[in-house]
Amino acid sequence: MSQTLAITGINLKSVPERWGPSLVIVIGLAGVVAVFTALLAMAEGFSSALQASGRTDAAIIMRGGSSAELNSAFDRDSALLIKDGPGIRRGADGKPEAAAELIVITELLKKGETQTGSNMTLRGVEPASFTLRPKLKIVEGRMFQSGLRELVVGRGVQRQFEGADVGKTLRMRGSEWTVVGVFEAGDATDSELWADAEVAQTTFTRRGYSSVLAALDGADAIDKLKAGLSADPRLNVDVQTQQAYFSGQTKQFRTMISILAGVVTIIMGLGAIFAALNTMYAAVSARAREIATLRAIGFGAMPVTVSVLIEALVLALVGGVIGALIAYVLFNNVSLSTLSANFTQVVFSFRITPMLLLRGLAIALLIGFVGALVPAFQSAYSYRKTWAIVAVPLVAALVALVGVVTGMSAAGLLRTVFMVIVVTAIHSVIWYFAAGALLNWAARGNGNSTFVRLVLSLLAVVPGIVLFGPLLMVAMFRVIWSREQRNLTRDPLLEMSKAL
Amino acid sequence: MTKTGFVIANLFRKKTRTVLTLLSVIMAFLLFGLLQAVNVMFNAGTDFVGATRLITQSRVSFTQSLPLRQLPELEAVPGVEAVMYEQWFGGVWQENTQLIAFAVDPERLHKVYPEWTMPEDAWKKFAQTRTGMIAGRQVAKQFGWKVGEKLPIKSSIFPQKDGSKAWSFDLVGIYDGKDEEWQRQTSQIFINFAYFDEANQFGSGRAGIYVLKLGDPDKAKDVALTIDKKYENSTEETKTQTEKDWNAGFAKQMGDIGMLVRWILFAVFFTLLLVVGNTMAQSVRERIPELAVLKTLGFSDGSVLGFVLAEALLIVGAGGLIGLSLATGLGILVQKNAGAMLPISVDWRVWSAGLIAIAVVGTVVGLLPALRAQRLKIVDALAGR
């Protein structure tokens, strides 16, 4: 132990002497971690913007088969029927706490943009819409007056889009609307413009509504409401809690980003592993004489090995921290917008959570570990002994790396590993026999020269490798994909980060 | 030994190092190829459509339908050759697969989009079959549709008169694009507007958006202005822009993915530069006495610089070409699996960007060590100073 400490100390102190090669590990890993953290922070921010809007004690009712509010529509009578449905909480005045709302898409120009408009949600609301969203507060100006062409706009809209400040007017369908206030709710409604529902109906010649938002009366109220509304032959509606609706909306974007992040990180990570290997091999071979001297004066093989490993891990950690810092400084809370399932803009910001930072650092350490393991052991052990020792930890670290990058659960990871092993085994067997058959076929005559054998075995093996690699990737991709598809509502990462 | 042979032999003096460096270069260019393909995909659909077509949408937004009564008025605008309209159908295949489906007038579609090619009698059949539908080659291939099949397609927006959202259409034709770029866009489905408008619950003679074909693309601005002026201050205000701008606007709304991709590329390349640069520097440092011997033997400063530079270019070039080839293969695989939803392809545009990157990276990483080798003084180098 004291030996290890002593050598590690010497190693670390000599890092500044060889800063060039060491820098490769640091910067390489900083790049990987920065890209990984930034990409996932985007997915995280998008999810949290939408998830924050979702209450479990409120239900959203849309026409049957509409996946988003935009596609849904029903008339005034249906809206009244829905509001009277069972399970909806009643307010102090005895009226149901429910609001029928109308969604219209309108275009605004992003700040700095002169030509291309962005789609924005204009929501026609009723007074109950405000009581149903208790977090929503007017932070500037005042509420719109009912019956007038007045708007209140979300904070995100006001920040990112042109002409959405208090006092400005917006033109829609030949009429002028005045922005009278700005509201803030800390969720997806911050990307919307709100107006009086009836005024919106007349302006956009709509006779009905898009959806009804209703407060639920107790835990089993959602089932009561579902049963009650579906029993009514005059209605054809889908009922879901507001939270279920919103997490359904984030699914596609989250899947896309996690796949992008996974692919990019794995390829970049492989590059970084090769770079780290290179650096550590160089570091070890430059110190071959030093290491031999240490061994000669009585230091054990293990302390030497461990000290090389620790050096790599320290460098990796430094790289990881730098990468995380870069991502944090450049991206945290930077706001951006994208299209939601409603075809409208959702404004959200990068959110770098402690969990993400931890994952980034874990990736850096694992890459450092994988990169340094073999060179470290080879510095003090024979070739054969090295592989006997490192094979298991090496594979374990690689599997763990895939796990951290994709965010798979341990069970899912084991399943994948199992599948990969099975696929590999099957393919090896098939190609082994195929190659054997080819060789036998070649050997049937008398012209079985070594050259012919060589060419034929190459012919048999190469297609195997070429086919096998992509198949493996597709298999892994499928697993990750199906896992993402299944996890509509429960994101293990999100839950873990909440628990932290 | 030739000079080329010398450079190659130098690469093999430390096999591990060369292989590892090569592998990290391959990874970097694999990523480069894929990301660049994504980048091209997001900019696609804008480069080749040209400005011969205008799109007129409601000024409020394209989801607000324009009324059909504007059709003759738009046809009468000077400079407009043909007009078609299309309504977004919100098509859904099987459980949850979104389709890009529009309700159109078949003859008008044929006139405005000559780029979609299909046998004439298929066009005729599409016009005559009320429940007819045509699909692009790509989407038909993806779902294995055959001409003559009756396909159940749901709409997430339009219920039929009886309130059911399950529609069914007869596939009367599969269209192709006139060239490779158009072929890649054949992921749309068109259904017969007349039937759609009659059978759907809100059928009200609303057209969706209009697509106008112009005789002279140079007049695009004037025509657009004339149309928008005409409907200004009416309840059906319009916004007219070229098809190119319209597509670009759509891509822009997806968020600045292009910027994101460029950031990642930047990070990847910076890392790569450092890795390969460092390796080159190290290999030159190790060989200082050798280089001095070369110079003593009479090789000029210039040819020593050439050796080192050629080594860097060779390793980056080999790695880059392998990486780009891998990306091409992977791109084909992705396209086979994800089909119309992610039409990435590592084509000549990606390759030409990749070749430029190879040249730049190779030169940058090779130059510093090469200059060092060039400036080497024989006496100092041999003395180990």
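Protein sequence lines correspond, in order, to chains A and B.
For the first sequence, position 420 (counting from the first letter as 1) is numbered 420 according to this note's numbering, and the numbering increases by one without interruption.
For the second sequence, position 369 (counting from the first letter as 1) is numbered 869 according to this note's numbering, and the numbering increases by one without interruption.
Note that the Cβ used here is the ideal one computed from N, Cα and C, for glycine as well.
Starting from THR106 (chain A), find everything on chain B with Cβ-Cβ shorter than 7 Å and list it in chain order. VAL560, SER561
May I ask you to verify whether the stretch 600-613 of chain B touches the stretch 720-737 of chain B, counting CB pairs closer than 8 Å and requiring at least 3? no
Residues of its chain near ALA43 (chain A), where Cβ-Cβ distance is below 8 Å and the 5 sequence neighbours each way are ignored: PHE253, ARG254, ILE257, SER258, ALA261
Residues in the same chain with beta-carbon distance under 7 Å from ARG142 (chain A), minus the five sequence neighbours each way, listed in chain order, please. VAL180, GLY181
Report all residues from its chain with a CB closer than 8 Å to the CB of GLY300 (chain A); omit the five preceding and five following residues, and keep chain order. GLN3
Any C-beta of chain B sitting closer than 8 Å to the C-beta of VAL264 (chain A)? Contact with chain B is found for VAL264 (chain A), since one of that chain's Cβ atoms lies less than 8 Å from the residue's Cβ.
For ASN333 (chain A) and GLU150 (chain A), I'd like the C-alpha separation in whole angstroms. Cα-Cα distance, rounded: 31 Å.
List the residues of chain B whose Cβ lies closer than 7 Å to the Cβ of MET143 (chain A), in chain order. Result: empty, since nearest Cβ-Cβ is about 23 Å, beyond 7 Å.
Step through the CB atoms of chain B and report whether any lies within less than 8 Å of the CB of THR169 (chain A). no
Contacts that PRO233 (chain A) makes with chain B (C-beta to C-beta distance below 9 Å): Simply none; closest approach about 10 Å.
For a contact defined as C-beta to C-beta under 7 Å, what are the partners of SER66 (chain A) on chain B? Simply SER656.
How would you call LEU5 (chain A), buried or exposed, if buried means at least 16 neighbouring beta carbons within 10 angstroms? With fewer than 16 Cβ atoms within 10 Å of its Cβ, LEU5 (chain A) is classed as exposed.
So within the stretch 338-416 of chain A, which uninterrupted alpha helix (DSSP H) runs reach at least 4 residues, ignoring any that extend past its ends? 354-378, 383-406
Please tell me whether SER337 (chain A) and GLN51 (chain A) are closer than 8 Å, where the distance is taken between their beta carbons. Not a contact, by the Cβ cut-off of 8 Å.
Count the other CB atoms within 10 Å of the CB of ASP745 (chain B); is the residue buried (16 or more) or exposed (fewer)? buried
Simplified DSSP state of VAL507 (chain B), which is helix, strand or coil: helix
Starting from LYS877 (chain B), trace the beta strand (DSSP E) in both directions and tell me its first and last residue. Run containing LYS877 (chain B): none; DSSP gives neither H nor E here.
Where does the unbroken alpha helix (DSSP H) through ASP697 (chain B) begin, and where does it stop? 693-699
Suppose you measure from the CA of SER175 (chain A) to the CA of GLU732 (chain B); what does that come to, to the nearest Å? 11 Å
Uninterrupted alpha helix (DSSP H) stretches inside the stretch 264-328 of chain A (no shorter than 4 residues): 288-296
In chain order, what residues of the stretch 167-194 of chain A put their CB closer than 7 Å to some CB of chain B? When CB distances to chain B are screened at a threshold of 7 Å, the residues of the stretch 167-194 of chain A falling below it are MET172, ARG173, GLY174, in chain order.
Considering only the alpha carbon of each residue, which of A:ALA288, A:THR202, A:LYS135 lies closest to LEU148 (chain A)? Taking only the C-alpha atoms, the option nearest LEU148 (chain A) is A:THR202.
Should ILE352 (chain A) be counted as a contact of the ligand ZN given a C-beta to heavy atom distance under 7 Å? Questions concerning the ligand ZN fall outside what the structure shown contains, since it holds no ligand whatsoever.
Roughly how many whole angstroms lie between the Cα atoms of ALA276 (chain A) and PHE766 (chain B)? 20 Å
Give me the DSSP bridge partner(s) of PRO652 (chain B). B:SER668
Cβ-Cβ distance between ASP232 (chain A) and LEU81 (chain A) below 8 Å: Yes.
Can you tell me the Cα-Cα spacing of SER800 (chain B) and THR502 (chain B), whole angstroms? 16 Å
Is the stretch 677-692 of chain B close to the stretch 632-645 of chain B, with three or more CB pairs under 8 Å? yes
Should LEU797 (chain B) go down as buried or exposed, given a rule of 16 or more other Cβ atoms within 10 Å for buried? exposed
Could you spell out the range, first to last residue, of the beta strand (DSSP E) harbouring MET62 (chain A)? 58-63
Pair within 8 Å by beta-carbon distance, GLN660 (chain B) and GLN598 (chain B): For GLN660 (chain B) and GLN598 (chain B), no; Cβs fall outside 8 Å.
Under 8 Å, Cβ to Cβ, is there at least one residue of chain B near PRO96 (chain A)? no
What is the rounded straight-line gap between the Cα of ARG630 (chain B) and the Cα of GLY673 (chain B)? Rounded to whole angstroms, the separation of the alpha carbons of GLY673 (chain B) and ARG630 (chain B) is 14 Å.
With 16 other CB atoms within 10 Å as the buried threshold, where does SER1 (chain A) fall? What sits at residue 1 (chain A) in the sequence shown is Met, not Ser. When all chains shown are included, MET1 (chain A) counts as exposed.
So, does the stretch 530-543 of chain B touch the stretch 283-302 of chain A, judging by three or more C-beta pairs under 8 Å? Under the 8 Å Cβ criterion, the stretch 530-543 of chain B does not count as touching the stretch 283-302 of chain A, having fewer than three qualifying pairs.
Could you tell me whether the Cβ of SER825 (chain B) comes closer than 8 Å to any Cβ of chain A? By this cut-off, SER825 (chain B) is not an interface position.
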